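Number of protein chains: 2
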Amino acid sequence: MKTVTISDIAAKAGVSMKTVSRVLNREPNVREEMREKVLAVADSLNYKPNFSARSLASKKSFVIAHWHNNSNADYTSRVLEGAHQACRSAGYFVVSEQLSAPYYETASAYLDTYSVDGLVLSAPLADDADLLQFLLERNIPFVRISPGTQPGISCAAYIDNSGAAKRMTQLLIDAGHKHISFICGPPNHMASQQRIQGFQNALKGAGINCEDCPIYSGDFSVKSGFDTYTNAIAKQKQISAIFAANDAMAVGVVMAALKHGVNIPDDLAIVGFDGSQLSHTIWPQLTTLYQPVSEMAEAITQSLLERIRTGKIDNTPLEFETYILRRDTM
Amino acid sequence: MKTVTISDIAAKAGVSMKTVSRVLNREPNVREEMREKVLAVADSLNYKPNFSARSLASKKSFVIAHWHNNSNADYTSRVLEGAHQACRSAGYFVVSEQLSAPYYETASAYLDTYSVDGLVLSAPLADDADLLQFLLERNIPFVRISPGTQPGISCAAYIDNSGAAKRMTQLLIDAGHKHISFICGPPNHMASQQRIQGFQNALKGAGINCEDCPIYSGDFSVKSGFDTYTNAIAKQKQISAIFAANDAMAVGVVMAALKHGVNIPDDLAIVGFDGSQLSHTIWPQLTTLYQPVSEMAEAITQSLLERIRTGKIDNTPLEFETYILRRDTM
DNA sequence: AGTCAAAATGACAGCGCTGTCAATATTTGA
DNA sequence: TCAAATATTGACAGCGCTGTCATTTTGACT
Chain A
1 MKTVTISDIA AKAGVSMKTV SRVLNREPNV REEMREKVLA VADSLNYKPN FSARSLASKK
61 SFVIAHWHNN SNADYTSRVL EGAHQACRSA GYFVVSEQLS APYYETASAY LDTYSVDGLV
121 LSAPLADDAD LLQFLLERNI PFVRISPGTQ PGISCAAYID NSGAAKRMTQ LLIDAGHKHI
181 SFICGPPNHM ASQQRIQGFQ NALKGAGINC EDCPIYSGDF SVKSGFDTYT NAIAKQKQIS
241 AIFAANDAMA VGVVMAALKH GVNIPDDLAI VGFDGSQLSH TIWPQLTTLY QPVSEMAEAI
301 TQSLLERIRT GKIDNTPLEF ETYILRRDTM
Chain B
1 MKTVTISDIA AKAGVSMKTV SRVLNREPNV REEMREKVLA VADSLNYKPN FSARSLASKK
61 SFVIAHWHNN SNADYTSRVL EGAHQACRSA GYFVVSEQLS APYYETASAY LDTYSVDGLV
121 LSAPLADDAD LLQFLLERNI PFVRISPGTQ PGISCAAYID NSGAAKRMTQ LLIDAGHKHI
181 SFICGPPNHM ASQQRIQGFQ NALKGAGINC EDCPIYSGDF SVKSGFDTYT NAIAKQKQIS
241 AIFAANDAMA VGVVMAALKH GVNIPDDLAI VGFDGSQLSH TIWPQLTTLY QPVSEMAEAI
301 TQSLLERIRT GKIDNTPLEF ETYILRRDTM
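Protein chains in written order, with our numbering: chain A, 1 to 330; chain B, 1 to 330.
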């Protein structure tokens, strides 16, 4: 089966190769009738473009890399799914890579070997200062999902962390809780700070004494939630609800509370933040806040492709809606 | 910064482009001193090969696709990691794709658009008869991880399911359990059948009455483990241990048992099979059987690359060792 | 030294496409 | 109506590499 090339199309349509190329690449300055004729011929010949040739001639790779340093495979796979979705129609490949520290060195080695047209960075890698500076210097297009720092240096997908945390806290308050503990993530993580902010706003709005609502910090791992409950919260019997800044820590709290024989949610309500797979894998199922990770990834990847195509930089952040998934733990 | 090409190397080394190409591609029939000189010059010029050009000229894509239909992101990410590992040194890309049903149609559409040199299929996709036939017909090199059917049609990575299940069962028996229930996976899944086999072998070897040890079937999901315990096992007080054919179902059992107020492991021992991330995320941590998924993927990918490079087909299965991770639930 | 096969090397076309720039067609405006 | 401006199209080189096949070198054996 002979490969069909644009020169075959050109011959059959009675135009030049370049015109065929223009049509296929949606370039401007082609008459409508020409476009239609070429498209029809291409279709009749069952033409499939050759990426390598395109890539060689145009010096683009048609590869988008997704880099992460997140051991949460569920989160990563949702990001990847969205990125794929965006790339499929544009004819781009996505390769997903778990980057190892030191990030910018690994990145540098990677980019020496493979050529990529753009990068999708997901949190917390999206906040690695060295890596960001490196990418900026090398002038490699990148976008970020839920970065916590340096807003404005790239296009990014966000959720309203503060607002969402406030709504979640309000839910707890409405249920009558007055002693609510919050477990936040790493202190340098802006998203976590924003969630604390929303938590405290809700408390203030309801006239609840912040001193009754201690804040602890974990590291976003299941273990840190488990340990925080065990070491710090278990003995404080007046605390009737715990809000963890992500699902993994919330699950850790659930597990630790279960171990202490606590009745969930009657004696202790627990809520998380993420809408992760894990949140409904466990029993009791976790009440959490759903983030549309896959949609965020798709949109941000689309904007990356747009930037690559047009060369125009538009760093307007994309904000996404979240909603509470109310389940067993409150 | 001008791109360094093989013709630059050729000029500086005083040889022809073709000789440089031979050296760079490890082709035979190059004198040792020539090889060394070329390599030295390439290094001094900091030469980086151009994939597109190579690909265009050689009609290879240097892309390996990993296809799966597994919603278990943890498992998939471990496979991907291994595949990456194998491809990195060979200069291949890996793209990972969740294939949607009907598989062979999606596959066909995918291969019409993208060109790939080979495929890594992970279970249960590795057992889709239509897809396999399609790949065989199109003569696309592929390898499989833990296939349950049609051994011999491709190179594959295996573990000794029966032997491993036997060892795990023996552990339970040695701890004094005489009423052990087994939850298997989908009946057409050979790995699951082999695990049942091993379970029953151990029972027989210990002279335990199989009728005291009922077998139920789930679908490898957390929910099916949860439901099986709740609907079928909970009321059988004599059952003192449950062996689930994978971690997800075992976790479901743990969760359901927790919900029933059962004391684990004193009143009920539970063991899984996989060594998944999930197994140690929950409390109590699950005793499980570790499978070296990532290593399996790496080895099998290596053999795929070998087949692509040499054209030689060697479908000798690769068998891997497993070991029991003993934790809280038994 | 001479012969011949095998090993090593090189010349060169061309993979399929796009960028550049020149050529031609069409529209605009006076 | 005609020149100038603009839109559309085409010719062709060449992206960096490998496959093919011809040529040269080497080594083994008379």
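Heads up, the beta-carbon is just placed ideally off N, CA and C, and yes, glycines get one too. Just so it is clear, the structure is predicted and the values come from calculations on it, not from any experiment.
Contact check, residue i vs residue j, beta carbons under 8 Å
i: H179 of chain A; j: Q238 of chain A; result: yes
i: R138 of chain B; j: S162 of chain B; result: no
i: A269 of chain B; j: A175 of chain B; result: yes
i: A126 of chain A; j: R144 of chain A; result: yes
i: H66 of chain B; j: V120 of chain B; result: yes
i: Q291 of chain B; j: T322 of chain B; result: yes
i: G261 of chain A; j: A244 of chain A; result: no
i: T230 of chain A; j: A206 of chain A; result: no
i: L286 of chain B; j: S279 of chain B; result: yes
i: V30 of chain B; j: T281 of chain A; result: no
i: A13 of chain B; j: V20 of chain B; result: yes
i: S77 of chain A; j: S221 of chain B; result: no
Same chain, Cβ closer than 7 Å to residue i, five either side skipped, listed in chain order
i: M190 of chain B; result: G148, T149
i: G275 of chain A; result: T288, L289, Y290, Q291, L325
i: I215 of chain B; result: F182, C184, I196
i: P100 of chain B; result: It is worth fixing the name first, because residue 100 of chain B is Ser in this sequence and not Pro. The residues are T106.
i: S108 of chain A; result: F134
i: D212 of chain A; result: K178, H179
Neighbour flag for residue i against chain A, beta carbons, 8 Å
i: K259 of chain B; result: yes
i: L278 of chain B; result: yes
i: A73 of chain B; result: yes
i: M330 of chain B; result: no
i: S140 of chain B; result: The identity of residue 140 of chain B in the sequence shown is Ile, whereas the question assumes Ser. With 8 Å as the cut-off, I140 of chain B does not count as an interface residue toward chain A.
i: L56 of chain B; result: yes
i: I282 of chain B; result: yes
i: M296 of chain B; result: no
i: E105 of chain B; result: no
i: M255 of chain B; result: yes
i: A123 of chain B; result: no
i: V251 of chain B; result: yes
i: S89 of chain B; result: no
Residue of the options minimising C-alpha distance to residue i
i: A202 of chain A; options: A:N72, A:S146, A:L171, A:P186; result: A:L171
i: K2 of chain B; options: B:R22, B:L24, B:N46; result: B:N46
i: E319 of chain A; options: A:I300, A:R35, A:I159; result: A:I159
i: K223 of chain A; options: A:K235, A:S240, A:P214, A:V254; result: A:V254
i: K59 of chain B; options: A:M34, A:L289, A:A53, A:K60; result: A:A53
i: A156 of chain B; options: B:F199, B:A299, B:L111, B:Y103; result: B:A299
i: A248 of chain B; options: B:L80, B:T228, B:G205, B:G261; result: B:T228
i: P186 of chain A; options: A:A11, A:A123, A:T76; result: A:A123
i: S115 of chain A; options: A:Q133, A:V95, A:F134; result: A:V95
i: S146 of chain A; options: A:K48, A:G218, A:Q193, A:S21; result: A:Q193
i: I140 of chain A; options: A:S221, A:I173, A:Y104, A:G252; result: A:Y104
i: R307 of chain A; options: A:F142, A:I173, A:D219, A:G218; result: A:F142
i: D112 of chain A; options: B:K48, B:P151, B:D74, B:S154; result: B:K48
Chain B contact for residue i (CB, 8 Å cutoff)
i: A13 of chain A; result: no
i: K48 of chain A; result: yes
i: F355 of chain A; result: Only positions 1 to 330 of chain A appear in this structure, which leaves residue 355 of chain A out of reach.
i: T113 of chain A; result: yes
i: E97 of chain A; result: yes
i: V120 of chain A; result: no
i: H84 of chain A; result: yes
i: T301 of chain A; result: no
i: V222 of chain A; result: yes
i: T76 of chain A; result: yes
i: A206 of chain A; result: no
Same chain only: Cβ atoms within 6 Å of residue i, ignoring 5 sequence neighbours per side
i: F51 of chain B; result: F62
i: A234 of chain A; result: H260
i: N72 of chain B; result: none
Close-in-space but distant-in-sequence residues of the same chain around residue i (CB under 8 Å, 5 per side omitted)
i: L305 of chain B; result: I64, A86, C87, A90, Y92, G118
i: S55 of chain B; result: S61, F62
Taking only runs of the beta strand (DSSP E) that begin and end inside the stretch 203-261 of chain A, which ones reach a length of at least 3 residues, in chain order?
Whole beta strand (DSSP E) segments, 3+ residues: 215-217, 241-244.
Which complete alpha helix (DSSP H) runs does the stretch 258-303 of chain B hold, if anything under 4 residues is left out?
Along the stretch 258-303 of chain B, the alpha helix (DSSP H) occurs as fully enclosed runs of 4 or more residues at 277-281, listed in sequence order.
Contained alpha helix (DSSP H) runs [length at least 4] in the stretch 87-126 of chain A, N- to C-terminal order
Entirely contained in the stretch 87-126 of chain A, the alpha helix (DSSP H) runs reaching 4 residues are, in chain order, 103-113.
Quick one: which unbroken beta strand (DSSP E) runs of 3-plus residues sit fully inside the stretch 41-84 of chain A? Chain order, please.
Qualifying beta strand (DSSP E) stretches, in chain order: 63-68.
Of all the beta strand (DSSP E) runs that stay within the bounds of the stretch 129-215 of chain A, which reach a length of 3 or more residues?
Runs of the beta strand (DSSP E) inside the stretch 129-215 of chain A: 142-145, 155-159, 180-184.
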